[in-house]
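Residue numbers (the working numbering), protein chains in the order written: chain A, 52 to 355; chain B, 52 to 355.
The beta-carbon is built from N, C-alpha and C at its ideal position, and this holds for glycine as well.
Let me begin by presenting the structure, written as structure tokens, before commenting on it.
2 protein chains.
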Amino acid sequence: MAGGGGASATDMVRLRAAGVAVQIDAAFDRLLTIPDDARDRLYEAMRHAAIGGGKRLRPLLVRATGDLFNLSDESVMRVGLAVECIHVYSLIHDDLPAMDDDDMRRGKPTVHKAYDEATAILAGDCLHDLAFEILADEACHPDPFVRIELVKALALSSGPAGMAGGQMMDLEAENSRFDLPTVTRLQNLKTGALIAFCVDAAAIMARIPDDRRTRLHGYARDIGLAFQIADDLLDVEGDAVLAGKALGKDAAAGKETFVSLLGVERAREQGRLLVEQAKAHLHGYGPEADLLRAIADYIVERDR
Amino acid sequence: MAGGGGASATDMVRLRAAGVAVQIDAAFDRLLTIPDDARDRLYEAMRHAAIGGGKRLRPLLVRATGDLFNLSDESVMRVGLAVECIHVYSLIHDDLPAMDDDDMRRGKPTVHKAYDEATAILAGDCLHDLAFEILADEACHPDPFVRIELVKALALSSGPAGMAGGQMMDLEAENSRFDLPTVTRLQNLKTGALIAFCVDAAAIMARIPDDRRTRLHGYARDIGLAFQIADDLLDVEGDAVLAGKALGKDAAAGKETFVSLLGVERAREQGRLLVEQAKAHLHGYGPEADLLRAIADYIVERDR
Chain A
52 MAGGGGASAT DMVRLRAAGV AVQIDAAFDR LLTIPDDARD RLYEAMRHAA IGGGKRLRPL
112 LVRATGDLFN LSDESVMRVG LAVECIHVYS LIHDDLPAMD DDDMRRGKPT VHKAYDEATA
172 ILAGDCLHDL AFEILADEAC HPDPFVRIEL VKALALSSGP AGMAGGQMMD LEAENSRFDL
232 PTVTRLQNLK TGALIAFCVD AAAIMARIPD DRRTRLHGYA RDIGLAFQIA DDLLDVEGDA
292 VLAGKALGKD AAAGKETFVS LLGVERAREQ GRLLVEQAKA HLHGYGPEAD LLRAIADYIV
352 ERDR
Chain B
52 MAGGGGASAT DMVRLRAAGV AVQIDAAFDR LLTIPDDARD RLYEAMRHAA IGGGKRLRPL
112 LVRATGDLFN LSDESVMRVG LAVECIHVYS LIHDDLPAMD DDDMRRGKPT VHKAYDEATA
172 ILAGDCLHDL AFEILADEAC HPDPFVRIEL VKALALSSGP AGMAGGQMMD LEAENSRFDL
232 PTVTRLQNLK TGALIAFCVD AAAIMARIPD DRRTRLHGYA RDIGLAFQIA DDLLDVEGDA
292 VLAGKALGKD AAAGKETFVS LLGVERAREQ GRLLVEQAKA HLHGYGPEAD LLRAIADYIV
352 ERDR
């Protein structure tokens, strides 16, 4: 139990995450009504991937940052839904045989196992579109300038300068010996960029100017890296049943990770330091930032 | 030479398309600067697919509709670039072994042949993001409301209610005996929706209200179907070298097409009727609609 967070932080996060998960599941259920034509299989595949699973950490981060600015539940939920569309699409594509070749995800067969590869590719592509459709809808936010800023930020954080670029580096990691700065850059793109979007999106909706988001950006960068270090530790030490997916894959693929480069103890220590640093960025805030603080603690304490 | 178009229409289209192609190639060249890190292969794959090939019909349609409203060259080019990003991403994914399994595209090896499947999946995903990044940038159009309407329209026309949904129906066509209304619906989604976006996008940029776009929507629907009928005819009768891709694949896969359902002669006649109908929608316009008229003629007269 590091950094004074402990069980209460985990409980707070689990409680709020459960509420967010109910909202996200209900929204996906409405969004993905199965049509009465030959696209039914496509929608079933999207539902399989999107509904009932995952920690919903990204929508929770939008909610937690939204707490700072009293953002409406509706706006926060819709942006969380959009970012979850991107996250789920990326999991579907990353799990494909040509990519990481995973059979299990969130305790269920991956989409290409439950359906087939073509359906999995298209289900991912469709969730990718739905993310932008959700942000463009005025129900997301009444101000079109805010909506277009959200679109721009999401496209940047999920594309070649963000998540997908990081996944490309991750594929190359099997054939290269990446050093610590390169692994850090890889992870900043692959997982950090979308996590940073969640925090940034709330600031965009609250119309906070970019130059007044420095501390929030620092928080997001630190928890993004801490999250990946915790993932690398779980890949070595975790429980595959709890994780709902195969573990130990990085070592088997010969990829350098924070754990392979730093060792278990130094990696764990680095994760704790990053969490303390993340929370330090929130010093100017009161109890309205408690969920953000609890998320930082939870990220390195989670068992899945 | 049907419908009074003839050689001059083809010449006009080829001339304007050549100008648009130069702009689009130059824009992709700037957009896809190869980074000095492990993402270089990803960018090379995107460049392989995006630069120097294709008819650039979709950007040309944005330009042609833009002629009606005196839209700026810059706005028209950027929207054309965004729609071409979507078109190229869809070709990369559709060509994958799990989908249509094609080795040649635009006279070159497909991306998964020239690189590998994982790189092809990610290159498609990245072009998908770049489309929305381009539309969200203020260089596309100064009015954020226009930009967000463009994002919404593109997401709708490329996602499960549009292009990707149509591709799913197309995959199912191998296992089903689709009738003419179902093939029509499939093609309205698979190719029609993105063609309709090109025309609609120009009207959005010119701030033409939706209820005053009926004739343009009629034009787009008719040329979209005529385009697909011509494609089906080329698949049966065309020259694979000119087409730059394998032909005769639909019949081999046992898919119903306009040609298999109507026969060659009735399909050709239907294509001509649609072109006449498309041009009839433009009766209220003068010479500013000549490129739109020429495109309609070209669509059924092209040899590739």
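Within 8 Å of any Cβ in chain A, is that where the Cβ of residue i sits?
i	result
Phe183 (chain B)	yes
Met256 (chain B)	no
Lys203 (chain B)	yes
Asp118 (chain B)	no
Leu147 (chain B)	yes
Leu222 (chain B)	yes
Glu339 (chain B)	no
Val134 (chain B)	no
Tyr94 (chain B)	yes
Leu173 (chain B)	yes
Ile346 (chain B)	no
Glu125 (chain B)	no
Measuring alpha carbon to alpha carbon, tell me which residue in the options is nearest residue i.
i	options	result
Arg129 (chain B)	B:Phe79, B:Ile172 and B:Ile85	B:Phe79
Leu142 (chain A)	A:Gly131, A:Leu132 and A:Arg157	A:Arg157
Gly275 (chain B)	B:Gln328, B:Val315 and B:Ile199	B:Gln328
His99 (chain B)	B:Asp176, B:Ile246, B:Thr161 and B:Phe248	B:Thr161
Ala244 (chain B)	B:Tyr94, B:Met256 and B:Gly210	B:Gly210
Asp88 (chain A)	B:Val234, B:Thr61, B:His332 and B:Glu320	B:Val234
Glu200 (chain B)	B:Asp261, B:Leu240, B:Asp152 and B:His332	B:Asp261
Met97 (chain A)	A:Leu111, A:Ile246, A:Leu82 and A:Arg107	A:Leu82
Ile280 (chain B)	B:Phe229, B:Asp62 and B:Leu312	B:Leu312
Phe309 (chain A)	A:Phe229, A:Val73, A:Asp180 and A:Asp118	A:Phe229
Gly314 (chain A)	A:Phe120, A:Leu284, A:Gly70 and A:Ala297	A:Leu284
Ala187 (chain A)	B:His138, B:Phe196, B:Val250 and B:Ala297	B:Phe196
Mind checking if residue i is an interface residue toward chain B, Cβ cutoff 8 Å exclusive?
i	result
His179 (chain A)	yes
Arg81 (chain A)	no
Gln218 (chain A)	yes
Ala53 (chain A)	Because the pLDDT of Ala53 (chain A) is 40, which lies under 50, any placement of that residue in the model is unreliable, and the number read from its coordinates should be weighed accordingly. Ala53 (chain A) does not count as touching chain B.
Ile246 (chain A)	no
His144 (chain A)	yes
Met155 (chain A)	no
Ser227 (chain A)	yes
Ile102 (chain A)	no
Ser209 (chain A)	yes
Ile259 (chain A)	no
Ile199 (chain A)	yes
Return the chain-ordered list of same chain residues with a C-beta closer than 6 Å to the C-beta of residue i, the five sequence neighbours on each side being excluded.
i	result
Met220 (chain B)	Leu237
Ala347 (chain A)	Ile274, Val326, Ala329 and Lys330
Lys164 (chain B)	Asp154
Val287 (chain B)	Val310
Would you give the residue range spanned by the alpha helix (DSSP H) that residue i belongs to?
i	result
Ala254 (chain A)	Ala244 to Met256
Thr116 (chain A)	Leu108 to Leu119
His163 (chain B)	Val162 to Ala165
Leu122 (chain B)	Note, Leu122 (chain B): premise wrong, no alpha helix (DSSP H); not H, not E.
Lys306 (chain B)	First-last for Lys306 (chain B): undefined, no H or E at that position.
Phe183 (chain B)	Glu168 to Ala187
Gly314 (chain B)	That residue, Gly314 (chain B), is in no alpha helix (DSSP H); it is neither H nor E in DSSP.
Glu223 (chain A)	Met214 to Glu223
Phe196 (chain B)	Pro195 to Ser209
Glu288 (chain B)	Thr265 to Glu288
Tyr336 (chain A)	From DSSP, Tyr336 (chain A) is part of no alpha helix (DSSP H); its letter is neither H nor E.
Applying the criterion that 16 or more other CB atoms from any shown protein chain within 10 Å of the CB defines a buried residue, is residue i buried or exposed?
i	result
Met52 (chain B)	For Met52 (chain B), the predicted structure reports a pLDDT of 36, less than 50, and the residue's modelled location is therefore unreliable. The matter cannot be settled from this model.
Arg317 (chain B)	exposed
Lys300 (chain B)	exposed
Ala68 (chain B)	buried
Thr84 (chain B)	exposed
Asp91 (chain A)	exposed
Arg258 (chain A)	exposed
Leu178 (chain A)	buried
Leu112 (chain B)	buried
Val64 (chain A)	buried
Ala304 (chain A)	exposed
Gly175 (chain A)	buried
Pro86 (chain B)	exposed
Please list, in chain order, all residues of the same chain as residue i whose beta carbon is under 7 Å from its beta carbon, the five residues on each side excluded.
i	result
Gly55 (chain B)	In this prediction, Gly55 (chain B) has a pLDDT of 48, which is less than 50 and means its spatial position is unreliable; what the coordinates show is noted afterwards. No residues qualify anywhere along the chain.
Gly306 (chain A)	Here residue 306 (chain A) turns out to be Lys, not Gly, going by the sequence shown. Excluding residues within five positions, the ones whose Cβ falls inside 7 Å are Ala224 and Glu225.
Ala345 (chain A)	Gly56, Ala60, Met63 and Val64
Leu173 (chain B)	Leu93
For residue i, which residues of its own chain have a beta-carbon under 8 Å away from its beta-carbon, when the five flanking residues on both sides are left out?
i	result
Thr242 (chain A)	Met214, Gly217, Gly275, Phe278, Gln279 and Asp282
Ile239 (chain A)	The amino acid occupying residue 239 (chain A) in the given sequence is Asn; Ile does not appear at that position. These residues qualify, in order along the chain: Gly217, Arg272, Gly275 and Leu276.
Gly295 (chain A)	Gly104, Met155, Arg156, Arg157, Gly158, Lys159 and Arg355
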